[in-house]
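Peer 1:
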Amino acid sequence: MAERRDIDDPTREYPAYEPGRAEPPGPDQARPTGAGPDPAEPGPGVAGPAGSGAAWPDPAPVGRSGFAKLLIFTGAVFAVLVAACLGLRAAHVLPSFDNPFSDRTTDRSQPVLLQSMRDLSRFVAADGTFQVIVDLQESKENVPDFLLNQRTLFVGSGSVEAYVDFGSLGGDALQVDNDDHSVRVTLPAPQLSSAALDLDRSYVVAQERGLLNRIGDVFRDDPDAQHRVYAEAQRRITEAAQGSGLDRRARENTEKMLTSLFARLGYTSVTVTYANP
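Using our numbering, you'd call the opening residue of the sequence shown number 6 and step up by one each time.
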């Protein structure tokens, strides 16, 4: 006699019930119209209960493959449109579109005002170009540099002109002897102009500021700070030009110019002397 099993024990002969039902439907119970397939009925593809020879119904399709295909198709169409627009733009078929976030410069400068005009009678005989490195630091005694300090490293490039002012010549500055075909000229000593900085070659290398200086810059600006660095560079270049021999070069070039000028006029002897500076 076969051993009897408790019906509550799960076995392969008793499939799981559909949720919400206490027992599988019998042959006398009709399913409502429009209901899905009966899980108790075997379907193709999946093996049913042991010994029945039937198969369980296939699971319902997930539906993600269609959405993925739609995304791929949309991306491909968008890429083709972008490539077509770029190609037409490169061929100058489509008009150019400005960047809505591009930089914009507004010039509100006033017209240039002529302040003065003067006649110059200078003969610029020579000029020199100089470069100086200015390391200017402003700090307070007994105060740490990280609190109160302003240091600027500036490279200044400028030029100095050496000229002779012919406008200050007196009546006896030119003595001419037509018999000897000689000329004697007395000129003022050459002068040096102030250094003119070349802004294209001058620049700030580094700038250090203390904590209190940075806080102060938030509430006020100090336009004189940069002016002091420029003025120091001009002063140093001007001083360097005075000892560079630029005035001696100006004397020699002025003598050559006057000798050539009077030689074309028929004078064979030209003497140039300079007054004491």
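The C-beta atom is built at its ideal place from N, Cα and C for all residues, glycine as well. Please read these numbers as outputs of a predicted model, since none were measured by experiment.
1. With 16 other CB atoms within 10 Å as the buried threshold, where does F224 fall?
2. Measuring straight from C-alpha to C-alpha, what distance separates A280 and D182?
3. Put Q196 into one of helix, strand or coil per three-state DSSP.
4. Please state whether DSSP places A131 in a helix, a strand or coil.
5. Helix, strand or coil: which one does DSSP assign to Q231?
6. Are L263 and V190 close, meaning C-beta to C-beta below 9 Å?
7. Taking the beta carbon of V117 as the centre, do at least 16 other beta carbons fall within 10 Å, making it buried, or is it exposed?
8. Where E244 and K261 are concerned, what is the direct C-alpha to C-alpha distance, given to the nearest angstrom?
9. Mapping DSSP to helix, strand and coil, what is G161?
10. What did DSSP end up calling A211 once you bin it into helix, strand or coil?
11. How many Å lie between V210 and L179 at the Cα?
12. If you reduce the DSSP assignment to three classes, tell me which class D252 lands in.
13. In the DSSP output, which residue or residues are listed as bridge partners for I77?
14. Please look up how many angstroms separate the CB atoms of I242 and V165, rounded, as I've assumed it's under 8 Å.
15. Have a look at the DSSP bridge pairing and note the partners of V277.
16. Report the CB separation of A246 from L202 in whole angstroms; it is logged as a contact under 8 Å.
17. Quick check on V87: buried or exposed, where buried means 16 or more other Cβ atoms within 10 Å of its Cβ?
18. Grab me the residues of F267's own chain with a C-beta within less than 6 Å of its C-beta, minus the 5 sequence neighbours each way, in chain order.
19. Along the chain, where does the beta strand (DSSP E) containing Q180 start, and where does it finish?
Peer 2: According to the structure shown:
1. Translated into the one-based positions of the sequence shown, residue 224 becomes position 219. Note that F224 scores 48 on pLDDT, short of 50, meaning its location in the model is unreliable; the coordinates nonetheless yield the value given after this. Looking at its Cβ environment, which holds fewer than 16 other Cβ atoms inside 10 Å, F224 is exposed.
2. One-based indexing of the sequence shown puts residue 280 at position 275. One-based indexing of the sequence shown puts residue 182 at position 177. Between A280 and D182, the C-alpha separation is close to 21 Å.
3. Here residue 196 refers to the residue found at position 191 when the sequence shown is read from its first residue. For Q196, the secondary structure class from DSSP, reduced to helix, strand or coil, is strand.
4. Counting from one through the sequence shown, the residue named residue 131 turns up at place 126. In the structure shown, A131 sits in a strand (DSSP, three-state: E or B).
5. Taking the sequence shown and counting its residues from 1, one reaches residue 231 at position 226. Of the three classes helix, strand and coil, the one that applies to Q231 here is helix, per DSSP.
6. In the sequence shown, residue 263 corresponds to position 258, counting from 1. In the sequence shown, residue 190 corresponds to position 185, counting from 1. Yes; because the gap between Cβ atoms is below 9 Å, this pair is in contact.
7. For this step, residue 117 is matched to residue 112 along the sequence shown. Looking at its Cβ environment, which holds fewer than 16 other Cβ atoms inside 10 Å, V117 is exposed.
8. In the sequence shown, residue 244 corresponds to position 239, counting from 1. In the sequence shown, residue 261 corresponds to position 256, counting from 1. Going from the Cα of E244 to the Cα of K261 covers about 27 Å.
9. In the sequence shown, residue 161 corresponds to position 156, counting from 1. DSSP places G161 in strand when its eight states are reduced to three.
10. In the sequence shown, residue 211 corresponds to position 206, counting from 1. Correct three-state label for A211: strand.
11. Here residue 210 is taken as the residue at index 205 of the sequence shown, counted from 1. Here residue 179 is taken as the residue at index 174 of the sequence shown, counted from 1. Cα to Cα, V210 sits roughly 52 Å from L179.
12. Residue 252 sits at position 247 when you count from the first residue of the sequence shown. In the structure shown, D252 sits in a helix (DSSP, three-state: H, G or I).
13. Start at 1 with the first residue of the sequence shown, and residue 77 comes out as number 72. Partner(s): none; I77 has no beta bridge.
14. Within the sequence shown, residue 242 is the residue found at index 237, counting from 1. Within the sequence shown, residue 165 is the residue found at index 160, counting from 1. Right, their Cβ atoms sit about 7 Å apart.
15. Taking the first residue of the sequence shown as position 1, residue 277 is located at position 272. DSSP, once it has assigned bridges, lists V190 as partnering V277.
16. As a first step, residue 246 is located in the sequence shown; it is residue number 241 there, counting from the start. As a first step, residue 202 is located in the sequence shown; it is residue number 197 there, counting from the start. Their Cβ separation, rounded to whole angstroms, is 13 Å, which puts A246 and L202 out of contact at 8 Å.
17. Numbered from 1 along the sequence shown, position 82 holds the residue referred to as residue 87. With fewer than 16 Cβ atoms within 10 Å of its Cβ, V87 is classed as exposed.
18. Position 262 of the sequence shown holds residue 267. So the qualifying residues of the chain are V188 and V275.
19. Looking up residue 180 in the sequence shown gives position 175. That run of the beta strand (DSSP E) goes L179 to D182.
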